[in-house]
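Have a look at the structure below, then the notes.
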Amino acid sequence: MRMTCVQECSWGDQPCGLFVETNKERITHHLFHWHGVKGKTLCKFEDCPKAAMKSLGRHVETVHYTTALECAYCGEQSSRTDALRRHLLTCKVYIASKASAKKAGRKFSPKEARKLVYGYIVPARDAT
């Protein structure tokens, strides 16, 4: 059975109290259907200093729902995939692994980062 992580919605002065999966697509869907949020919008989470943004789902996922990606080589945590890609450019363990594979004449297959999530773990919506 596939599991997923959810957190309670705390949007603005009218939190709906529903639980939302902690990924940007589900968050964006929830904000649109339950709170009427569309397009470039200000974040209404309490005490959020962020200006209007286009990718509100990504912002909520990484800032308010505390998700992170962990480098499979050194364990450093990044809040977003683009930050992890930049990290890999300077990650000594990753660079050494890549060089070792090349030296041995093997194809280098990078390890996948581990997604770290915080919240309640429940069966996924599409689980059977």
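Add 64 to a position in the sequence shown, counting from 1, and you land on the number used in the numbering used here. In this text, a Cβ means the ideal position worked out from N, Cα and C, and glycines have one as well. The model shown is predicted, which means the values in this text are computed figures rather than measured ones.
Check	Outcome
Simplified DSSP state of LYS162, which is helix, strand or coil	helix
Paired residues, beta bridge with TYR184 - DSSP	VAL70
Nonlocal neighbours in the same chain, by C-beta distance under 8 Å from LEU180, ignoring five residues either side	THR131, ALA132, LEU133, GLU134, GLN141
From HIS97, LEU95, ALA116, residue whose alpha carbon lies closest to that of THR105	ALA116
Range of the contiguous alpha helix (DSSP H) that encloses LEU95	88-99
Residue environment, ILE91, which counts as buried when at least 16 other CB atoms sit within 10 Å	buried
Beta-bridge pairing of GLN141 - partner residues as DSSP gives them	GLU134
Secondary structure of THR154, DSSP reduced to three states	coil
Cutoff 7 Å; reference GLU125; Cβ partners in own chain excluding five residues on either side	THR86, ASN87, LYS88, ILE91, THR131
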